Each structure stands twice: as C-alpha cells, then as structure tokens.
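When you line the sequence shown up against UniProt numbering, it's residues 1 to 276, in that order. By construction, the Cβ of each residue, glycine as well, lies at the ideal position given by its N, Cα and C atoms. Computed from a prediction, not measured in an experiment: that's the story for all the values here.
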Amino acid sequence: MASTPADRKAAESLKTEGNAFFSKGKFSAAIEKYTEAVTLCPDWAVLYVNRGMAARKLEHWGRVEEDAGAALALVGAGASERDAMKGHYLLGLAMAAGGQHARSKQHLRKALDAAREANDSIKDEIWRELASANYLLWQAESTARRIRHGDMRKELAALLAAQPTDGSAPGANGTLELPNDWQELFKTAAVHDCAVEAPSTFTCPLTMEIFRDPVVTPSGRSYERTALLEHLKKVGRFDPITRQPMTEAQVVPNVSLRAAIELYLEEHPWGWGEVK
C-alpha cells in the first residue's frame with residue numbers, strides 16, 4: 001500500500017528528528033525515529049540508508065545489512081543514485097564485519113565507482129574501506145597459500161626421502177632438500193605474497209604514500225588530491241614542486257594513473273595495506 005501525502009509529511013518530520021539525534025551521537029534514538037518513519041513510508045529508501053548509518057555507529061551489523069538490502073531493493077522504484085551508492089557502501093561494511101571480504105569488495109567497488117562519478121565527498125572514506133577489505137582478503141588468501149605450499153613441500157620431501165634417486169643427503173630437518181628447480185617453482189608461486197616497494201610513479205611526492213585519488217597540475221606533475229588542495233589553501237597557489245602559479249580550478253583528475261595504480265594493486269594486493 002502506497003503512503004499518503006500525510007504519511008510522507010509525518011515521515012519527513014520523523015526523519016528530521018532522527019537526523020538531529022544522529023548529529024548529537026544519539027544513535028539508538030535516531031534509529032527509533034527512522035523506524036517510525038519507515039512504518040509510514042516503507043518505500044522511501046533514504047530512511048533505510050539513514051537507519052543503516054546509525055546502526056553502523058553502534059556496530060549492529062545485522063541491522064546494517066538488512067537496511068542496506070532494503071535500500072538497494074528500491075533501486076528503480078524511487079531510490080536515488082546516492083541512496084544506491086550508500087546502500088552498497090553499508091552492505092560492503094556489513095560483509096566485511098562478517099569476514100566476507102570478497103563480497104565486501106564487490107559492494108564497496110560499486111559504491112566507490114558511484115561516489116567518484118558523483119564526486120561525492122564520501123569517496124575517500126569508501127576507498128579506505130575498500131582498501132581494508134582488499135588487504136584482509138589478500139591476508140586470508142596469502143595465509144592459506146603459505147600453509148598449502150608448506151604442506152606440499154613436506155609431502156614432496158617425504159616422497160624424495162622414501163625413494164632417493166640421486167644420493168642427496170637429508171637436510172637439517174631429517175628430510176631430503178627439494179631440487180633447485182622445485183625450489184624456484186615454489187618461489188615463483190609465492191611472488192604475490194612477497195611485499196616490495198611500490199614504484200615511485202605510483203607514490204604522491206607530498207604524502208609519500210600510494211595514490212588514492214591522483215590529480216595532475218598544469219605543469220604535468222601528479223599529486224594526491226587532498227594533499228594538493230591543502231597545499232593550495234594553506235601554503236600558496238603554486239605547484240608544490242615546479243612552483244608554477246596555479247589555482248584549484250586547474251586541478252584535473254589523472255584517470256590513467258589511477259587506473260594503472262588499481263591494476264598494480266590487483267596484481268600486488270599486499271599494496272592495499274599501504275593505502276587503507
């Protein structure tokens with residue numbers, strides 16, 4: 001049953017009260033107001049988003065997951081693009097809290113793409129959560145690989161010990177050492193689990209960290225957006241390295257560099273730990 005204009009008006013008033021409680025850090029009270037509003041207008045997506053945001057503050061992840069799902073279910077039926085973006089963001093957070101890092105990554109990626117498209121200020125926050133989810137996923141997969149490789153080494157060494165063919169002497173642990181070509185094979189398989197320093201071209205000269213949102217100046221230099229904007233505001237309107245005069249209006253997103261960095265991080269997932 002569709003809500004009436006009177007229901008919508010009352011729900012708007014309750015949402016305003018909920019927002020006031022939220023801004024004061026009274027999240028349980030905010031949830032109560034949003035719930036009352038949902039009862040009146042169950043097809044208003046922003047109510048689920050707001051209630052989910054309040055539940056997130058209380059780490060009530062079951063509530064967050066339910067509200068995010070309800071908001072996303074209304075996509076195409078009145079939910080705004082921002083509601084959908086926040087729905088994916090909240091669902092990604094709930095999945096991460098439950099240890100479902102692969103699913104979390106999918107939803108946070110959708111949220112980040114939407115936030116970047118809209119140039120929403122929440123994009124940096126989403127990026128950090130996505131980086132954390134990617135890093136935790138890599139840690140879990142890396143640990144599983146290390147254990148599997150260790151077991152395989154032991155099994156192969158035991159086979160060699162049972163049927164020695166080249167007169168090899170046993171190693172320090174009493175089993176035969178694996179041949180060099182087998183050692184190299186295991187080393188190659190472990191390359192994604194060995195952290196190395198990221199290329200300097202992927203690192204902002206101001207923050208000395210891997211770029212999250214790189215931008216390019218008229219001089220052709222790239223910087224992290226927030227770091228450059230802070231420089232222009234607090235230090236002066238000039239390029240930090242070339243000192244060429246410039247303004248905030250001349251800052252342009254470096255889309256190609258951002259794509260290259262994300263490809264690098266997909267191939268070297270340990271790097272997410274440096275940007276989370």
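Which first and last residues belong to the beta strand (DSSP E) in which residue i is found?
| i | result |
| --- | --- |
| proline 214 | 214-216 |
| serine 222 | 222-224 |
Report all residues from its chain with a CB closer than 7 Å to the CB of residue i; omit the five preceding and five following residues, and keep chain order.
| i | result |
| --- | --- |
| aspartate 239 | Thr217, Ser219, Arg221 and Met246 |
| alanine 6 | none |
| arginine 56 | Val64, Leu90 and Leu93 |
Along the chain, where does the alpha helix (DSSP H) that runs through residue i open and close?
| i | result |
| --- | --- |
| glutamate 65 | 61-73 |
| isoleucine 147 | 123-162 |
| valine 49 | 45-57 |
| glycine 18 | 5-23 |
| serine 28 | 27-40 |
| glutamate 117 | 101-118 |
| glutamate 81 | 81-97 |
Let me confirm a value: residue i is counted as buried when at least 16 other C-beta atoms fall within 10 Å, else exposed. Which label applies?
| i | result |
| --- | --- |
| cysteine 41 | buried |
| asparagine 254 | buried |
| serine 132 | buried |
| lysine 123 | buried |
| serine 23 | exposed |
| glutamate 65 | buried |
| isoleucine 261 | buried |
| aspartate 83 | buried |
| glycine 18 | buried |
Determine the closest residue to residue i out of the options, with distance taken between C-alpha atoms.
| i | options | result |
| --- | --- | --- |
| aspartate 67 | Ile31, Ala96 and Ala97 | Ile31 |
| threonine 207 | Tyr264, Phe186 and Glu274 | Glu274 |
| glutamate 59 | Ala73, Arg8, Glu197 and Phe27 | Phe27 |
| lysine 243 | Leu232, Pro253 and Val252 | The sequence shown places arginine at residue 243, not lysine. Closest option to arginine 243, Cα to Cα, is Leu232. |
| glutamate 125 | Asp213, Asp83, Ala84 and Ala71 | Asp213 |
| asparagine 180 | Gln163, Arg153, Arg148 and Ala162 | Arg153 |
| threonine 203 | Thr188, Glu184, Asp193 and Arg225 | Arg225 |
| proline 269 | Gly99, Leu228, Asp193 and Glu17 | Asp193 |
| alanine 111 | Ala94, Leu130 and Gly98 | Leu130 |
| valine 49 | Leu90, Glu230 and Gln183 | Leu90 |
| serine 256 | Ala6, Ser121, Ala227 and Thr201 | Thr201 |
| alanine 71 | Ala11, Leu47 and Ser13 | Leu47 |
| residue 294 | Arg237, Arg258, Asp151 and Lys234 | Residue coverage of the chain in this structure runs from 1 to 276, which leaves residue 294 outside it and unanswerable. |
Near residue i, what residues of its chain come up, given a Cβ to Cβ distance below 6 Å and the 5 sequence neighbours on each side ignored?
| i | result |
| --- | --- |
| glutamine 250 | Pro218 |
| arginine 51 | Ile31, Tyr34 and Asp67 |
| alanine 97 | Trp61 |
| histidine 107 | His88, Leu91 and Gly92 |
| asparagine 173 | For asparagine 173, the pLDDT reaches just 49, beneath the cut-off of 50, and the residue's location in the model is therefore unreliable, although a value from the coordinates is still provided. If we look at asparagine 173 and ignore the five residues flanking it on each side, it has no Cβ neighbours. |
| threonine 118 | First, the amino acid is wrong: residue 118 is alanine here, not threonine. There are no such residues. |
| serine 142 | Asp193 |
Apart from the five residues on each side of it in sequence, which residues of its chain come closer than 8 Å, Cβ to Cβ, to residue i?
| i | result |
| --- | --- |
| glycine 271 | Ala195, Ala198, Ile210, Tyr264 and Leu265 |
| alanine 140 | His101 |
| aspartate 43 | Ala2, Ser3, Leu74, Ala77 and Gly78 |
| arginine 8 | Leu40, Cys41 and Trp44 |
| alanine 105 | For the sequence presented, residue 105 should be read as lysine rather than alanine. Gly92, Leu130, Ala133, Asn134 and Leu137. |
| methionine 53 | Phe22, Lys86 and Leu90 |
| serine 13 | none |
request  = Counting only runs of 3+ residues fully inside the UniProt domain "U-box" (197-271), write out the beta strand (DSSP E) ranges in chain order.
outcome  = 214-216 and 222-224
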